[in-house]
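Heads up, the thing below is written out as structure tokens.
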Amino acid sequence: MAKQITPRGENYSQWYNDIIKKAGLADNSAVRGCMVIKPTGFAIWENMKAQLDKMFKETGHVNAYFPLFIPKSFLSKEAKHVDGFAKECAVVTHHRLMNDPNGDGVIVDPTAKLAEELIVRPTSETIIWNTYRDWIQSYRDLPLLINQWCNVVRWEMRTRPFLRTTEFLWQEGHTAHATQQEAIEEAQLIHEVYARFAEDYMAMPVIKGAKTENERFAGAVDTYTIEALMQDGKALQAGTSHFLGQNFAKAFDVTFSDNNNKMDHVWASSWGVSTRLVGGLIMTHSDDDGLVLPPKLAPTQVVIVPIPKPNPEIMEVAEKIAGQLKAAGIRVKIDTDEKKRPGFKFAQYEMEGVPIRLGIGMRDLANNQVEIARRDTKEKALKPVEGIDRYIADLLVEIQSNLFNKAVKYREDHTSETTDFEEFKHILENKGGFIKAHWDGTVETELKIKELTKASIRCIPLDEPETPGKCILTGNDSKQKVLFAKAY
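Printed below as a string of structure tokens:
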């Protein structure tokens, strides 16, 4: 099966597409730029969603749902917001079809034009803040901490499965607060939640930082981001949270009476991650033999394969082990398919990224042992059946840690610093990865660097102290180094 995957070093983009196809994560659809997420791909997203939802609720958030359609006039109320999304919006103009009088299928009924066009949501700030106006009257109604899980549509010109599609799944949080500081702290809190999820569950190390003014979310005062590095040396924006100030509250006249009976506009945040995380997971850990999944998010953590095929003796032991693993909270599957040979199954589960494979044959039963193969290192070992559940539980923790440490080392090996623009360009073209360099703080310089190198400022790292220096391009004074990279 691995021979069906293009090696990373030969064509990284094709390698990524091959893994998605061969591991059964997604298919192209009949709708341009959209994908069909297959059961394995959706199971990974469900595991992500379940953990993130738990983390949101632990921090006091609740789920709700808002309409898919947004009146066009709503997007006109916040100027920067509409500028940011205008070119990506899908617009509904009619509400009815009719049979073609010429007998050629159906056509749009020209008499069914909407009085006001509806936008298929690219994000929900406008429809939600229009609703919040009715929900918020006094400080007693605050804070309002709401999240929704939904789909959105952004009309992309160039699409890639999971990373950038016309329709994608995500969560979007929208919160309202009585003070500026509370709203800022909310955006920072979720920023930390995203970083913890990426590192603890995805085993994907991230840099926490703030976006430049040019890269901020449309309508935001500040945007916080987590940036990850993929195996081709490109960065991936993996999650963002935004301090929105009072921009949307003013646009939709959302005011409240404070505890001194004074009226003020509420303060806001919004934040979101999407199925783009599945793409990040693939590109962070997978290899030329297929998908590699961190155990915490793998749909199946352990697969048991009877060798050469199931029989009553083997199945008795397999079911006993499976029962012990399930009791320990481990997701396990016994492969009872008698039509495929063990070698084919081994290749299949390697391709699908199952973290641990147990092989049980008659010789193993005679020796009261099983063969354990781990996906991350390809190592195999024979272990006694007694205590196998504890051994596997520990091994899953070890695999999770190993994947994270391996990704950290890759990032460290592909993070550079320079003060020379020619060296900056050389690193980008020949090594890739993150580059720390000084920037003079102007949008003009930021855009010029991107024009010359295709690298953007991924973030202003939060843990980077202010160190005076000279801008990598202009030589003008700079207060702090920022993080550059080519990006998805």
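If you count the sequence shown from 1, position 60 lands on 93 in my numbering, and the numbers rise without skipping. Cβ coordinates follow ideal geometry from the N, Cα and C atoms, glycine included.
Assumed close pair residue i, residue j - CB separation to whole angstroms, cut-off 8 Å
{"i": "Met235", "j": "Leu314", "result": "6 Å"}
{"i": "Lys373", "j": "Val365", "result": "With a Cβ gap of about 19 Å, Lys373 and Val365 do not count as contacting."}
{"i": "Glu111", "j": "Asn280", "result": "6 Å"}
{"i": "Pro328", "j": "Pro388", "result": "5 Å"}
{"i": "Glu260", "j": "Gly242", "result": "7 Å"}
{"i": "Lys519", "j": "Lys487", "result": "6 Å"}
Buried versus exposed, by CB contacts within 10 Å (16 or more), residue i
{"i": "Lys244", "result": "buried"}
{"i": "Val162", "result": "With the sequence shown as reference, residue 162 is identified as Trp, and Val is not the correct amino acid for it. The residue in question, Trp162, is buried, as its Cβ has 16 or more Cβ neighbours within 10 Å."}
{"i": "Tyr26", "result": "Residue 26 falls outside the range modelled here, since the chain spans only 34 to 521, and no answer is possible."}
{"i": "Glu385", "result": "buried"}
{"i": "Trp300", "result": "buried"}
{"i": "Tyr257", "result": "buried"}
{"i": "His459", "result": "exposed"}
{"i": "Ile140", "result": "exposed"}
{"i": "Ile207", "result": "For clarity, residue 207 is His in the given sequence; the question names Ile instead. That one is buried."}
{"i": "Gln213", "result": "exposed"}
{"i": "Pro417", "result": "exposed"}
{"i": "His471", "result": "buried"}
{"i": "Pro332", "result": "buried"}
{"i": "Met68", "result": "buried"}
{"i": "Arg390", "result": "buried"}
{"i": "Arg444", "result": "buried"}
{"i": "Ser109", "result": "exposed"}
{"i": "Gln170", "result": "exposed"}
{"i": "His94", "result": "buried"}
{"i": "Arg154", "result": "buried"}
Close-in-space but distant-in-sequence residues of the same chain around residue i (CB under 7 Å, 5 per side omitted)
{"i": "Leu398", "result": "Glu346, Ile347 and Val350"}
{"i": "Ile393", "result": "Ile337, Pro339, Ile340, Ile347, Val350, Ala351 and Val403"}
{"i": "Ile52", "result": "Ile38, Ile315, Ser319, Gly323 and Leu324"}
{"i": "Arg476", "result": "The amino acid occupying residue 476 in the given sequence is Val; Arg does not appear at that position. So the list reads Glu246 and Asn247, once near-sequence residues are dropped."}
{"i": "Leu415", "result": "Gln402 and Glu404"}
{"i": "Glu232", "result": "Pro238, Val239 and Phe437"}
Cut-off 6 Å between Cβ atoms - residues of its own chain near residue i, not counting five sequence neighbours on either side
{"i": "Asp422", "result": "Gln357, Leu358 and Ala361"}
{"i": "Ile482", "result": "Leu506"}
{"i": "Ile217", "result": "Phe276"}
{"i": "Trp182", "result": "Gln204"}
{"i": "Ala211", "result": "Tyr172 and Leu175"}
{"i": "Asn435", "result": "Asp409"}
Beta-carbon proximity list for residue i, same chain, < 8 Å, skipping 5 on both sides
{"i": "His447", "result": "Leu262, Gly266, Lys464, Gly465, Gly466 and Phe467"}
{"i": "Gln47", "result": "Thr39"}
{"i": "Arg191", "result": "Arg197"}
{"i": "Leu454", "result": "Looking at the sequence provided, one finds Phe at residue 454 rather than Leu. So the list reads Ile505 and Leu506, once near-sequence residues are dropped."}
{"i": "Glu158", "result": "Glu111, His114, His207, Gly252, Leu277, Phe281 and Ser303"}
Query raised in the report: What are the start and end residues of each continuous alpha helix (DSSP H) run of 4 or more residues lying completely inside the stretch 423-502, in chain order?
Result: 454-463 and 476-486
Requested in this report: Evaluate contact between the stretch 348-357 and the stretch 407-417, counting only Cβ atoms and requiring at least three cross-stretch pairs below 8 Å.
Outcome: no
Query raised in the report: Taking the runs of the alpha helix (DSSP H) that are 4 residues or longer, which of them lie wholly in the stretch 182-241?
Result: 213-233
Query raised in the report: Contact between the stretch 60-77 and the stretch 127-134: three or more CB pairs below 8 Å?
Result: no
Requested in this report: Decide yes or no for the touch test of the stretch 186-204 against the stretch 303-313: beta carbon pairs closer than 8 Å, at least 3 of them.
Outcome: Verdict: yes, contact present.
Report task. Could you say if the stretch 113-124 and the stretch 246-253 meet the contact criterion of at least three C-beta pairs nearer than 8 Å? Result -> These segments touch.
Query - Three or more C-beta pairs below 8 Å linking the stretch 103-110 and the stretch 83-92 - result: no
Query raised in the report: Can we say the stretch 484-503 touches the stretch 225-235, given the rule of at least three CB pairs closer than 8 Å?
Result: Flag = no, the stretch 484-503 and the stretch 225-235 do not touch.
Report task. Could you pull out every unbroken beta strand (DSSP E) segment of at least 3 residues lying fully inside the stretch 119-176, listed in chain order? Result -> You should have 123-127, 130-132, 139-141 and 146-153.
Report task. Identify every run of the beta strand (DSSP E) within the stretch 254-282, keeping only runs that are complete inside it and at least 3 residues long; order them along the chain. Result -> 255-262 and 268-278
Requested in this report: Just list the alpha helix (DSSP H) runs in the stretch 50-85, keeping only unbroken ones of 4 residues or longer that don't cross its boundaries, in chain order.
Outcome: none
Report task. Mind listing, in chain order, the continuous alpha helix (DSSP H) runs of no fewer than 4 residues lying wholly within the stretch 345-427? Result -> 345-360, 375-385 and 395-399
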